[in-house]
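Taking it in order: structure first as structure tokens, then the write-up.
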Amino acid sequence: MLKYVIKRVVLLFVTLFIITTICFVLIKLLPWELPQEAAQKESMMRRLEAQGYNKPILVQYGRYLKNVILHHDFGTSWKIEKTQPVWSVFKKRFAPTVLINLYSLLVSIPIGIMFGIYAAIKKNKWQDQLISTSVMIFVSVPSYVYAFLVQYFLYFKLGWLPPTVYSLADAGGSWFTWKMFISMLPPVIALSFGSIASLCRFTRAELTETLTSDYMLLARTKGLTRAQATSRHAMKNAMVPILPMILGGFIDIMSGSFIIEKIFSVPGVGQLYIQSITLLDYDVFMMDTVFYVFIGLLGGIVTDLSYGFIDPRIRMGEK
Amino acid sequence: MEKITNDFNKIPAEKFAFVNRGEKLTDTKFVDKPVGYFKDAWIRFCKNKGSIVAAVIIMFILLFAFLTPVFFTRYDQTFMDVYYAKKPSRNLWLSEHFGIATGTTTRDFNERSLITKIGIGIGAEDHDGTGTVTLEEGMASYYQPMKEIGEGVEITGLIGAKDKTIYTCTLDSYLEFGFQYRSIEQDEYKKIRDWEEKTGIQVLYPLVEENEWCLDPTDANYWYKTKKGTPVKLNKNGKAKEIPYEPGMVLEDNYVRDAEGNAVYYTFTGGGDLDTAHYKVRVLYYNYYRYLNGFEPEYMFGTDSQGYDLMLRLASGIKLSFLVALAVSAINLTIGAVYGAIEGYYGGTTDLVMERITDILMNVPFIVVATLFQLHLSGKLGPIPCLLFAYVTTGWIGMAYRVRTQFYRFKNQEYVMAARTLGARDSRIIWKHIFPNSLGTIITSCVLVIPGVIFSESMLSFLGIVKLGNETTTSLGTLLSDASSIWMDYPHLMIFPALVISLLEICFNLFGNGLRDAFNPSLRGVEE
Numbered sequence: 044m045l046k047y048v049i050k051r052v053v054l055l056f057v058t059l060f061i062i063t064t065i066c067f068v069l070i071k072l073l074p075w076e077l078p079q080e081a082a083q084k085e086s087m088m089r090r091l092e093a094q095g096y097n098k099p100i101l102v103q104y105g106r107y108l109k110n111v112i113l114h115h116d117f118g119t120s121w122k123i124e125k126t127q128p129v130w131s132v133f134k135k136r137f138a139p140t141v142l143i144n145l146y147s148l149l150v151s152i153p154i155g156i157m158f159g160i161y162a163a164i165k166k167n168k169w170q171d172q173l174i175s176t177s178v179m180i181f182v183s184v185p186s187y188v189y190a191f192l193v194q195y196f197l198y199f200k201l202g203w204l205p206p207t208v209y210s211l212a213d214a215g216g217s218w219f220t221w222k223m224f225i226s227m228l229p230p231v232i233a234l235s236f237g238s239i240a241s242l243c244r245f246t247r248a249e250l251t252e253t254l255t256s257d258y259m260l261l262a263r264t265k266g267l268t269r270a271q272a273t274s275r276h277a278m279k280n281a282m283v284p285i286l287p288m289i290l291g292g293f294i295d296i297m298s299g300s301f302i303i304e305k306i307f308s309v310p311g312v313g314q315l316y317i318q319s320i321t322l323l324d325y326d327v328f329m330m331d332t333v334f335y336v337f338i339g340l341l342g343g344i345v346t347d348l349s350y351g352f353i354d355p356r357i358r359m360g361e362k
Numbered sequence: 003m004e005k006i007t008n009d010f011n012k013i014p015a016e017k018f019a020f021v022n023r024g025e026k027l028t029d030t031k032f033v034d035k036p037v038g039y040f041k042d043a044w045i046r047f048c049k050n051k052g053s054i055v056a057a058v059i060i061m062f063i064l065l066f067a068f069l070t071p072v073f074f075t076r077y078d079q080t081f082m083d084v085y086y087a088k089k090p091s092r093n094l095w096l097s098e099h100f101g102i103a104t105g106t107t108t109r110d111f112n113e114r115s116l117i118t119k120i121g122i123g124i125g126a127e128d129h130d131g132t133g134t135v136t137l138e139e140g141m142a143s144y145y146q147p148m149k150e151i152g153e154g155v156e157i158t159g160l161i162g163a164k165d166k167t168i169y170t171c172t173l174d175s176y177l178e179f180g181f182q183y184r185s186i187e188q189d190e191y192k193k194i195r196d197w198e199e200k201t202g203i204q205v206l207y208p209l210v211e212e213n214e215w216c217l218d219p220t221d222a223n224y225w226y227k228t229k230k231g232t233p234v235k236l237n238k239n240g241k242a243k244e245i246p247y248e249p250g251m252v253l254e255d256n257y258v259r260d261a262e263g264n265a266v267y268y269t270f271t272g273g274g275d276l277d278t279a280h281y282k283v284r285v286l287y288y289n290y291y292r293y294l295n296g297f298e299p300e301y302m303f304g305t306d307s308q309g310y311d312l313m314l315r316l317a318s319g320i321k322l323s324f325l326v327a328l329a330v331s332a333i334n335l336t337i338g339a340v341y342g343a344i345e346g347y348y349g350g351t352t353d354l355v356m357e358r359i360t361d362i363l364m365n366v367p368f369i370v371v372a373t374l375f376q377l378h379l380s381g382k383l384g385p386i387p388c389l390l391f392a393y394v395t396t397g398w399i400g401m402a403y404r405v406r407t408q409f410y411r412f413k414n415q416e417y418v419m420a421a422r423t424l425g426a427r428d429s430r431i432i433w434k435h436i437f438p439n440s441l442g443t444i445i446t447s448c449v450l451v452i453p454g455v456i457f458s459e460s461m462l463s464f465l466g467i468v469k470l471g472n473e474t475t476t477s478l479g480t481l482l483s484d485a486s487s488i489w490m491d492y493p494h495l496m497i498f499p500a501l502v503i504s505l506l507e508i509c510f511n512l513f514g515n516g517l518r519d520a521f522n523p524s525l526r527g528v529e530e
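Residue numbers (my numbering), protein chains in the order written: chain A, 44 to 362; chain B, 3 to 530.
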């Protein structure tokens, strides 16, 4: 097991390194947009020069890697927050994204699994048809449509919730105040529809498979009731693929959703990415890119490894 | 037992007779037609009602997209009317018979703005400038924007503001624009007059005096005398008296009048000779639109944020999204299938190396790829090729993976070995013997790619990373992103594109799932 884990981790960093290299080169090749005014342009040029932006790209890359690994220095934000280190710009955006996605995940896990179990138990009855059809619809409809619906009904028609997430100052200076929580509800609700539906679909598919397996028949012939057999045997086996998916979901909460963050103006990681593109703030763009790649890789590896911990027979990614 | 067997052994020779002697022996023909792979899949697909319905809906949406410019709308792609931008859907026939698509909006008005809007209807009835049209006559006018006036609600107790009455009203947003000043040439003036005579529809209305009683000389809707916005009546000694809003109200007109007291319809504003001379006129925009285009403004889905016909924009958005999706599907098919085939067939080191490459490509987030392509190349190539490039880079990986799995399943089967023994080349084995086995998977994932592409395209244009909109083409995501900041006031801008995208997503997913179940019944219920 340890060898397998180490192998996966090493592979993760190799992949990360290659993608980072490609992205770094591609981003460095983009033209800089310098200020129009001569004096500002001059000072900007001098700053860039001092940071080594005129050296060959490979030299710059070496320097970048050294700074990142030794000092956690991901460069400088030139546009979003003038001459601030990218890391500190990024750090601020982290909390809202994680919080919103965490709330949404905590809401959707129990509801999604519950609906999934119910549908699987009532397989091919009208309850299952109803749940499966609505799951199909909820999975397919894009998340921004939910966002608009939530905004329209909960804010515009009923006035229960604010249309966008409050800024830190408005909500009492902390991400954990009650007021902040209320203002985070609309994006949480909008995000939850899709994840509830997909979790429900996954649970239903897995559980129907385990419910029809031979050991269930054996459990019933031993004299267990249907409920006992389902909860003791079928659920446990169905959880083997479901749990890793949930764990992977906990990693994914860091990456957030671009559209939801834009619609509800969440000052999060996704919004930072969009800002860095529109303002052409390349160091921030680079950092955000690396971050997304890393989160994606981490999510994958956590999912795969947790399979191994839950069911030691499984080695995901092995031939 | 013994006895019977003995009997069989000792059947006398004469009891034997030849069967079918002299007849040709052939196999009987199959009565039924053989059911092949695709036929089999088709039969299974037809049993899935949900998929059939989805396929029909997709057909309708596509028909809508391709036929709209020809049949369903009288506007063309360049037709734009800035004054009728963001207007809700309006169809005269439907609104008369079913009360839908009336083109109305509901808003709150205070007394002053209420009178201004009602004044448009009153003024429209008074094209001769008599100034005697009453409130009741004005309300009955065809050009009256106020369709329903709610009960006034008294609002009191506002600190720093006077008490006021708020009326919740329903008004026709196409008539709401009312009057407008225009500068036209002499020829044009004559043409309008001729048209007025021929059709009996009044376009030109008396000009308004620019005096102390005119609230805003650029707004042609203040044709009545006001003082600080409140309509007033001048009595004999020139004192202004406020006119209250009540039945029988007659607004006092502020029209320009010549020496005989007749209303004046034009004034010379400049220009040297007959060709360049310009005249200022006051037109009722609704009728001016009719004069220009020959029909009343009717937009089945309303107009978009710039004043284009939303139905036409939607149709072109669907077309674009669908064409992009088809192109991506084709690209995936070519690259993914070839890549997966090579990977799966050769296995070993080739597979390992190629797997690492896909591993790396797969882990670059699609949004980053799309962004980098846009930043690097959209200036040179345009946004749509860049979007396609982004899909070329990463989109085919899922397809390659599925094809590879199929190849692993089939490449060691006996019939493949038989083919190899007979001397078939690799390419023949790959394409002729193994590849057809993965056709079902490929078709299914080609279809299932489409909703993904439509979604990611709409997401990218919504976020502003890809900018696809111009005056003739647009994408569904661009329509949504145009609407995103103003849709609370103009819900139709959001409802129609969102509805179309949702429908497309649901139907393509249903259709794709149906195809997958049909081609591969053993995968039923398993989600990919």
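Just so you know, even glycine gets a beta-carbon here, dropped at the ideal spot from N, CA and C.
- Under the three-state reduction of DSSP output, T30/B falls in the coil class, being neither helix nor strand.
- If you ignore the 5 residues before and after K122/A, its C-beta comes within less than 6 angstroms of the C-beta of L322, D324, all in its own chain and listed in chain order.
- For S97/B and D171/A, the gap between their C-alpha atoms comes out near 41 angstroms.
- Between the C-alpha atoms of L517/B and K49/B there is a straight-line separation of about 11 angstroms.
- I13/B is classed as exposed because its beta carbon has fewer than 16 other beta carbons within 10 Å across all chains shown.
- Within the segment 503-527 of chain B, the residues whose Cβ lies closer than 7 angstroms to any Cβ of chain A are, in chain order, I503, S504, E507, I508, N511, L512, G527.
- Taking every protein chain shown into account, the CB of R427/B has fewer than 16 other CB atoms within 10 angstroms, so this residue is exposed.
- Among the CB atoms of chain B, none fall inside 8 angstroms of the CB of L113/A.
- For the segment 159-242 of chain B, the continuous alpha helix (DSSP H) assignments of 4+ residues that do not extend past its boundaries occur at 188-201, in sequence order.
- Per DSSP, M313/B has no beta-bridge partner at all.
- The Cβ-Cβ distance between G180/B and Y257/B does not fall below 8 angstroms.
- K282/B is bridged by DSSP to S185/B, T269/B.
- For the pair W197/B and Y86/B, the CB atoms are not nearer than the 8 angstroms cut-off.
- Annotation: the segment 70-119 of chain B contains the following complete segments of the beta strand (DSSP E) (minimum length 3 residues), in chain order: 106-112.
- Restricting attention to R430/B, G123/B, D174/B, I60/B, the CA atom closest to the CA of G304/B is found in D174/B.
- With fewer than 16 neighbouring CB atoms inside 10 Å of its own CB, E416/B falls in the exposed class.
- Relative to the Cα of L250/A, the nearest Cα in the group S241/A, A163/A, T63/A, I154/A belongs to A163/A.
- When H494/B, L236/B, F510/B are compared, the shortest CA-CA separation from L312/B is found for H494/B.
- Runs of alpha helix (DSSP H) with 4 or more residues, each lying fully within the segment 171-195 of chain A, are found at 186-193, listed in chain order.
- CA-to-CA, the gap between G338/B and D326/A works out to about 34 angstroms.
- Taking a Cβ-Cβ threshold of 7 angstroms, none of the residues of chain B is close to K50/A; the smallest such distance is about 13 angstroms.
- Judged by DSSP in its simplified three-state form, G274/B adopts coil rather than helix or strand.
- For I157/B, the enclosing beta strand (DSSP E) starts and ends at 148-157.
- Listed in chain order, the positions of the segment 475-494 of chain B with a beta carbon within less than 8 angstroms of a beta carbon of chain A are L482, S486, W489, M490, P493.
- Across the set I156/A, Y209/A, L192/A, N144/A, the C-alpha of I156/A shows the shortest separation from the C-alpha of R247/A.
- DSSP, reduced to helix, strand and coil, places T253/A within a helical segment of the structure shown.
- Cβ-Cβ distances below 8 angstroms link R411/B to N439 in the same chain, with the five nearest sequence neighbours on each side left out; the list follows chain order.
- Inter-residue distance for F158/A and M288/A is about 17 angstroms (C-alpha atoms, whole angstroms).
- Each residue's CA atom was taken as its position, placing P299/B and T446/B some 44 angstroms apart.
- Proximity of H280/B to chain A, defined by a Cβ-Cβ separation below 8 angstroms, is not satisfied.
- Within chain A, no residue has its CB atom less than 7 angstroms from the CB of G346/B, the nearest being about 13 angstroms off.
- The count of Cβ pairs closer than 8 angstroms, one atom from the segment 244-260 of chain B and one from the segment 204-214 of chain B, reaches three, so the stretches are in contact.
- Distance between S300/A and Q314/A, taken at the CA atoms: about 9 angstroms.
- Close to G339/A, with beta-carbon spacing below 8 angstroms, are these residues of chain B in chain order: N365, P367.
- What L73/A touches in chain B, judged by beta-carbon distance under 8 angstroms, is L377, H378, going in chain order.
- Under the three-state reduction of DSSP, T332/A is assigned to helix.
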